[in-house]
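Novice: For the record, in the sequence shown the residue sitting at position 172 is 178 according to the numbering used here, with numbers rising by one throughout.
One structure coming up, written as structure tokens, with questions to follow.
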Amino acid sequence: MASETNQSKNVCVIGAGPSGLLAARELRKEGHKVVVLEQNHDIGGQWLYDPNVQEEDPLGRDPWLKVHSSIYESLRFMSPREIMGSTDFPFLVKKGRDTRRFPSHTEFLLYLKDFCEWFKLSEMIKLNTKVHYVGPLNYGVPSEDLKWVVRSKENKSEEEVEQVFDAVVVATGHFSNPRLPCIQGMDTWKRKQMHSHIYRSSEPFRGEIVVVVGNFLSGQEISMELVKVAKEVHLSSKSLIIFEGLSKVISKNENFHLRPQIDTLQEDGTVIFTDGSNIIADTILYCTGYNYSYPFLDTKGIVVVDDNRVGPLYEHTFPPSLAPSLSFVGIPRKILGITFFESQGKWIAQLLSGKKVLPSYEEMMESIEEFYHSNEVAGIPKRYTHVVDAFDYCDKYGENVGFPKTEEWRKELCISAGMNAFANLETYRDSWNDDIDEKLQEALRSPYFTQLEQLSL
Ligand SMILES: Cc1cc2nc3c(=O)[nH]c(=O)nc-3n(C[C@H](O)[C@H](O)[C@H](O)COP(=O)(O)OP(=O)(O)OC[C@H]3O[C@@H](n4cnc5c(N)ncnc54)[C@H](O)[C@@H]3O)c2cc1C
Numbered sequence: 007m008a009s010e011t012n013q014s015k016n017v018c019v020i021g022a023g024p025s026g027l028l029a030a031r032e033l034r035k036e037g038h039k040v041v042v043l044e045q046n047h048d049i050g051g052q053w054l055y056d057p058n059v060q061e062e063d064p065l066g067r068d069p070w071l072k073v074h075s076s077i078y079e080s081l082r083f084m085s086p087r088e089i090m091g092s093t094d095f096p097f098l099v100k101k102g103r104d105t106r107r108f109p110s111h112t113e114f115l116l117y118l119k120d121f122c123e124w125f126k127l128s129e130m131i132k133l134n135t136k137v138h139y140v141g142p143l144n145y146g147v148p149s150e151d152l153k154w155v156v157r158s159k160e161n162k163s164e165e166e167v168e169q170v171f172d173a174v175v176v177a178t179g180h181f182s183n184p185r186l187p188c189i190q191g192m193d194t195w196k197r198k199q200m201h202s203h204i205y206r207s208s209e210p211f212r213g214e215i216v217v218v219v220g221n222f223l224s225g226q227e228i229s230m231e232l233v234k235v236a237k238e239v240h241l242s243s244k245s246l247i248i249f250e251g252l253s254k255v256i257s258k259n260e261n262f263h264l265r266p267q268i269d270t271l272q273e274d275g276t277v278i279f280t281d282g283s284n285i286i287a288d289t290i291l292y293c294t295g296y297n298y299s300y301p302f303l304d305t306k307g308i309v310v311v312d313d314n315r316v317g318p319l320y321e322h323t324f325p326p327s328l329a330p331s332l333s334f335v336g337i338p339r340k341i342l343g344i345t346f347f348e349s350q351g352k353w354i355a356q357l358l359s360g361k362k363v364l365p366s367y368e369e370m371m372e373s374i375e376e377f378y379h380s381n382e383v384a385g386i387p388k389r390y391t392h393v394v395d396a397f398d399y400c401d402k403y404g405e406n407v408g409f410p411k412t413e414e415w416r417k418e419l420c421i422s423a424g425m426n427a428f429a430n431l432e433t434y435r436d437s438w439n440d441d442i443d444e445k446l447q448e449a450l451r452s453p454y455f456t457q458l459e460q461l462s463l
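Below, the structure is given as structure tokens:
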């Protein structure tokens, strides 16, 4: 729905990672006054690699984490660079930098810095400023009149600053707070136990027997790195049916073993698996994913995180009774990140300016209930609420603001990279077949990649 008004609001964006930056850019474009509060010393979010880890809390149980990024030193992109840029700022190859299609994490941080410079975002961003509290100033008034109190502290300062905003956009990411399994004996295990959030490199595991729990992307990637230095790597997986790429890696490395789930951990270091087999291990490394966590947020119990479902949220973005003055960007998983954040930012910005209007509270709640119900009928566990069907969902979402549909080349390059990874897990980032190459060359000739030609090479 559209309306005629065009109001400018004071908006606080929390977090200067990819989603916060894209949202801030869209908000300012729409005429809002924007402040981005970022706890770290630089922008980038996950992509601001931090060699430090919270050693005193290797399982990351404290919700107020001291280190945000979970990126490890050798990490390279899992998706090809061509699909990672925003609609108006492609992630181009630049002379003297990492020119690979699947570049290192540093290259993406540089892209984000280029993005900030190009769109002059730095003036809106307050670094070294951690948000400790966000709550409604005038709870109980109609949602369109709600204002928000934001309390933050500059690093190294004891002084808390309180500000009031017309709207708050939460862009704090969801790849930092470890999600851990419940394993018998976990609390009494005396050897090393850690979550991949604090994994940085394989060297500390040299000569060790390591059990990696979780056969998803990070579990596989970290296992492949560990196998080069560890005495043995045991990848513990829910299913022993694995895809071709991983199977090839396991058969090439005598010290790489696939195991079922862990049944029990014993005090003497014995790990007993559900098939009855056992080993004595030095380290258990949990690559078991992350939880959504908003320790600073007080919504009077309206928005809760329950088994990794943040809700109730209309379209994974708006709590119906607090919208549009409170919104979340970046919650859905398995999306095409940057362009999705861009369309989320646009929608939030246009709702705040009054150009667009959300459905009624009742309609939004009904839509959320229907969504939950359809997930239940389909047997989708609650913890997967925010896993969406990337292309279809992004396109449907974008219709709210007339956002362009995902280009065919973007879809094709994304799918072909995934298929190549399935078959060639070790090599997919550096070699691909002629068919993919043809698609790539065709995409690179499109106006999208030539729109900022002066930036490349
Ligand atoms: C190991 C790993 C590999 C990945 N690989 C890929 C990949 O190949 N492709 C891909 O698309 N995505 C990948 N991702 C996902 C990646 O997290 C997203 O691409 C992206 O970083 C999400 O952006 P975001 O801004 O929502 O969150 P983040 O990048 O997490 O940024 C959130 C920001 O909020 C700040 N913040 C948090 N709390 C506060 C507070 N209280 N006060 C102030 N500031 C705060 C943080 O410091 C941070 O800067 C990967 C993630 C991980 C962990």
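Ideal Cβ placement from N, Cα and C applies to all residues, glycine included.
Bear in mind the structure is a predicted one, so any value in this text is a computation, not a measurement.
Need the endpoints of the beta strand (DSSP E) that GLU503 sits in, please.
Specialist: Absent from the structure is residue 503, since the part of the chain shown begins at 7 and ends at 463.
Novice: Tell whether a beta-carbon distance below 7 Å holds between TYR300 and HIS201.
Specialist: Here residue 300 refers to the residue found at position 294 when the sequence shown is read from its first residue. Here residue 201 refers to the residue found at position 195 when the sequence shown is read from its first residue. No, these two residues do not count as a Cβ contact at 7 Å.
Novice: Taking ARG38 and VAL17 to be in contact with their CB atoms under 8 Å, please state how far apart those CB atoms are, rounded to whole angstroms.
Specialist: Taking the first residue of the sequence shown as 1, we reach residue 38 at position 32. Taking the first residue of the sequence shown as 1, we reach residue 17 at position 11. For clarity, residue 38 is His in the given sequence; the question names Arg instead. Contact holds; Cβ gap of about 5 Å.
Novice: Count the other CB atoms, across all protein chains shown, that sit within 10 Å of the CB of ARG212; report buried if there are 16 or more and exposed otherwise.
Specialist: As a first step, residue 212 must be located in the sequence shown, where it is residue number 206. Exposed, since its Cβ has fewer than 16 Cβ neighbours within 10 Å.
Novice: Report yes or no: do three or more beta-carbon pairs, one from the stretch 235-251 and one from the stretch 261-280, lie closer than 8 Å?
Specialist: Yes, since at least three Cβ pairs between the stretch 235-251 and the stretch 261-280 fall closer than 8 Å, the two stretches touch.
Novice: For GLU335 and LEU186, I'd like the C-alpha separation in whole angstroms.
Specialist: Residue 335 sits at position 329 when you count from the first residue of the sequence shown. Residue 186 sits at position 180 when you count from the first residue of the sequence shown. Note on identity: in this sequence residue 335 is Val, with Glu being the wrong assignment. Near 24 Å, if we compare the C-alpha coordinates of LEU186 and VAL335.
Novice: Do PHE108 and GLY251 have their C-beta atoms closer together than 7 Å?
Specialist: Position 102 of the sequence shown holds residue 108. Position 245 of the sequence shown holds residue 251. No, the pair does not count as a contact, with Cβ atoms beyond the cut-off.
Novice: Which ranges would you report for the beta strand (DSSP E) in the stretch 218-273 if only whole runs of at least 3 residues count?
Specialist: The qualifying runs are 238-242, 262-265 and 268-271.
Novice: Does ligand 1 have even one heavy atom less than 6 Å from the beta-carbon of THR294?
Specialist: Position 288 of the sequence shown, counted from the first residue, corresponds to residue 294. Checking every heavy atom of ligand 1 against the Cβ of THR294, none is found closer than 6 Å.
Novice: From the DSSP output, read off the bridge partner residues of ASP312.
Specialist: Along the sequence shown, one-based indexing puts residue 312 at 306. Partner(s): ARG315.
Novice: Alpha carbons only, please: which of ILE344, ARG197, GLY179 and LEU43 is nearest the one belonging to GLY404?
Specialist: Along the sequence shown, read from residue 1 onward, the residue named residue 404 stands at position 398. For GLY404, the nearest C-alpha among the options comes from ILE344.
Novice: Got a sec? Which residues, its chain only, sit under 6 Å from HIS111 by beta carbon, not counting five neighbours each side?
Specialist: Working through the sequence shown from its first residue, we reach residue 111 at position 105. Hits under 6 Å: TRP53, TYR55, ILE77 and LEU81.
Novice: Answer yes or no: do GLY66 and GLY23 have a C-beta to C-beta separation smaller than 7 Å?
Specialist: Here residue 66 is taken as the residue at index 60 of the sequence shown, counted from 1. Here residue 23 is taken as the residue at index 17 of the sequence shown, counted from 1. No; because the gap between Cβ atoms is not below 7 Å, this pair is not in contact.
Novice: Looking only at DSSP bridge pairs, what is TYR205 linked to?
Specialist: Against the sequence shown, residue 205 aligns to sequence position 199. In the DSSP output, where bridge partners are listed per residue, TYR205 has none listed.
Novice: Applying the 10 Å Cβ sphere with the 16-neighbour rule, what's the burial state of TYR298?
Specialist: Counted from its first residue, the sequence shown places residue 298 at position 292. With 16 or more other Cβ atoms within 10 Å, it is buried.
Novice: So, with DSSP's three-state summary, where would you put LEU419?
Specialist: Here residue 419 corresponds to residue number 413 of the sequence shown, with the count starting at 1. Three-state DSSP puts LEU419 in a helix.
Novice: Pull the bridge partners of VAL176 from the DSSP assignment, please.
Specialist: Walking along the sequence shown from the start, residue 176 turns up at place 170. According to DSSP, which records beta bridges pairwise, VAL176 is partnered with ILE20 and PHE334.
Novice: Enumerate in chain order the residues of its own chain whose CB-to-CB distance from HIS138 is below 8 Å, with the five nearest sequence positions on each side excluded.
Specialist: Counting from one through the sequence shown, the residue named residue 138 turns up at place 132. Taken in chain order, the residues that qualify are ARG157, SER158, LYS159, GLU166 and PHE302.
Novice: Take the Cβ of ALA449 as the centre, count every other Cβ of all protein chains shown within 10 Å, and call the residue buried at 16 or more, exposed below.
Specialist: Here residue 449 corresponds to residue number 443 of the sequence shown, with the count starting at 1. Buried, because 16 or more other Cβ atoms sit within 10 Å of the Cβ of ALA449.
Novice: Which two residues bound the contiguous alpha helix (DSSP H) that contains GLY351?
Specialist: In the sequence shown, the residue the question calls residue 351 occupies position 345. Note, GLY351: alpha helix (DSSP H), 343-359.
Novice: Shorter than 6 Å, the distance from the beta carbon of GLN226 to the closest heavy atom of ligand 1, or not?
Specialist: Indexing the sequence shown from 1 puts residue 226 at position 220. Not under cutoff, so the answer is no.
Novice: Between ILE215 and ASP288, is the Cβ-Cβ spacing less than 7 Å?
Specialist: Reading the sequence shown from its first residue, position 209 is the one you call residue 215. Reading the sequence shown from its first residue, position 282 is the one you call residue 288. Yes.
Novice: In whole angstroms, what separates the C-alpha of PHE83 from that of TRP124?
Specialist: Numbered from 1 along the sequence shown, position 77 holds the residue referred to as residue 83. Numbered from 1 along the sequence shown, position 118 holds the residue referred to as residue 124. Each residue's Cα considered, the two are about 23 Å apart.
Novice: Since VAL170 is in the beta strand (DSSP E), which residue starts that stretch and which ends it?
Specialist: The sequence position of residue 170 within the sequence shown is 164, counting from 1. First-last of the beta strand (DSSP E) with VAL170: 166-171.
Novice: One question on the structure: do VAL393 and LYS445 come within less than 7 Å of each other, judged by their Cβ atoms?
Specialist: As a first step, residue 393 is located in the sequence shown; it is residue number 387 there, counting from the start. As a first step, residue 445 is located in the sequence shown; it is residue number 439 there, counting from the start. Not in contact: VAL393 and LYS445 (Cβ atoms no closer than 7 Å).
Novice: Using the three-state DSSP reduction, which class does LEU450 fall into: helix, strand or coil?
Specialist: The residue labelled residue 450 in the question sits at position 444 within the sequence shown. It is helical.
Novice: Can you tell me where the alpha helix (DSSP H) holding ARG43 begins and where it ends?
Specialist: What you label residue 43 is simply residue 37 of the sequence shown in a count that begins at 1. Note on identity: in this sequence residue 43 is Leu, with Arg being the wrong assignment. Element bounds for LEU43: not the alpha helix (DSSP H) but the beta strand (DSSP E), 39-43.
Novice: Just mark PRO326 as buried or exposed, buried being the case when its beta carbon has 16 or more other beta carbons within 10 Å.
Specialist: On the sequence shown, residue 326 is found 320 positions in, with the first residue counted as 1. Classification for PRO326: buried.
Novice: Got a sec? Which residues, its chain only, sit under 8 Å from ASP151 by beta carbon, not counting five neighbours each side?
Specialist: Numbered from 1 along the sequence shown, position 145 holds the residue referred to as residue 151. The residues are ASN144.
Novice: Using CA coordinates, which residue listed in ASP281, LYS388, SER75 and LEU419 is at the minimum distance from ASP48?
Specialist: Residue 48 sits at position 42 when you count from the first residue of the sequence shown. With distances taken between Cα atoms, ASP48 lies closest to SER75.
Novice: Nearer than 6 Å: is that true of the beta carbon of SER85 relative to any heavy atom of ligand 1?
Specialist: Residue mapping note: residue 85 aligns to position 79 of the sequence shown, counting from 1. It does: the Cβ of SER85 is within 6 Å (strictly closer) of some heavy atom of ligand 1.
Novice: By alpha-carbon positions, which one of GLY351, PHE377 and VAL233 ends up nearest to THR93?
Specialist: The residue you call residue 93 lines up with position 87 of the sequence shown. Comparing Cα positions, the closest option is GLY351.
Novice: Secondary structure at LEU463, three-state DSSP: helix, strand or coil?
Specialist: Taking the first residue of the sequence shown as 1, we reach residue 463 at position 457. With a pLDDT of only 41 at LEU463, under 50, the local geometry of the prediction cannot be trusted, and no value is derived from it.
Novice: Within the present structure, is the beta-carbon of VAL66 separated from the nearest heavy atom of ligand 1 by less than 6 Å?
Specialist: Walking along the sequence shown from the start, residue 66 turns up at place 60. One detail in the question is off: residue 66 reads as Gly in this sequence, not Val. No, since every heavy atom of ligand 1 falls outside the 6 Å radius drawn around the Cβ of GLY66.
Novice: If we require 3 or more residues per run, which beta strand (DSSP E) segments fall completely within the stretch 24-73?
Specialist: The qualifying runs are 39-43.
Novice: So for GLY404, helix, strand or coil by DSSP?
Specialist: In the sequence shown, counting from the first residue as 1, residue 404 sits at position 398. DSSP places GLY404 in helix when its eight states are reduced to three.
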